[in-house]
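J.: Take 1 as the starting number for the sequence shown in our numbering and just add one per residue. A virtual CB, placed ideally from N, CA and C, is assigned to each residue, including glycine. Since this is a predicted model, take the numbers as computed values, not measurements.
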Amino acid sequence: MKAEGANDFDVDNDTAITLVGIMRRAEHHIRSNSTVMAALDDINSGYLEKFSIGSDTLRGEIGVAGDATLSRALERLELRLSTGQSNEPWGWDTTTPCSWLLSSCCWATTTLRRCS
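1) Since I43 contacts G54 with CB under 8 Å, what's their CB separation in whole angstroms?
2) Classify L74 as helix, strand or coil using the three-state DSSP reduction.
3) So, is I22 buried or exposed, given that buried needs 16 or more other C-beta atoms within 10 angstroms?
4) Check the Cβ-Cβ distances between A3 and every residue of chain B, and say whether any is below 8 Å.
5) Is it buried or exposed, T95, if we count other Cβ atoms within 10 angstroms and call 16 or more buried?
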């Protein structure tokens, strides 16, 4: 598992195999997306620019990886459980954490329930 912590993202070949590398690759593509770039430009020029003090310009960045470490990658994963009898997974919904969460390579549990 320790090897998954290596950043093997190759910008020139657009490849990655490790979890951290895959996160860096995703971050690269998200930041290069035209919609994300347009939204960021609107935020920076239409809103944050007003909060600049003197020559210090306040600017924002949009992304997902932040500190792309193995622990961070594992924290963002979710485990969905299913009985295999239907297409309704057990796991995570957008309002209440449920199922199992990976956090720093340790299992943490919360209430398991069918998510709607």
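T.: The short version:
1) For the purposes of this step, residue 43 is identified with residue 43 of the sequence shown, where counting begins at 1. For the purposes of this step, residue 54 is identified with residue 54 of the sequence shown, where counting begins at 1. Not a contact, Cβ separation roughly 21 Å.
2) Numbered from its first residue, the sequence shown carries residue 74 at position 74. L74 falls in the helix class under three-state DSSP.
3) The residue given as residue 22 occupies position 22 in the sequence shown. Under this definition I22 is a buried residue.
4) The structure shown contains no chain B, having only a single protein chain.
5) Sequence index remark: in the sequence shown, residue 95 carries index 95 (1-based). Its pLDDT being 44, under 50, T95 is placed unreliably by the model, and nothing is read from it.
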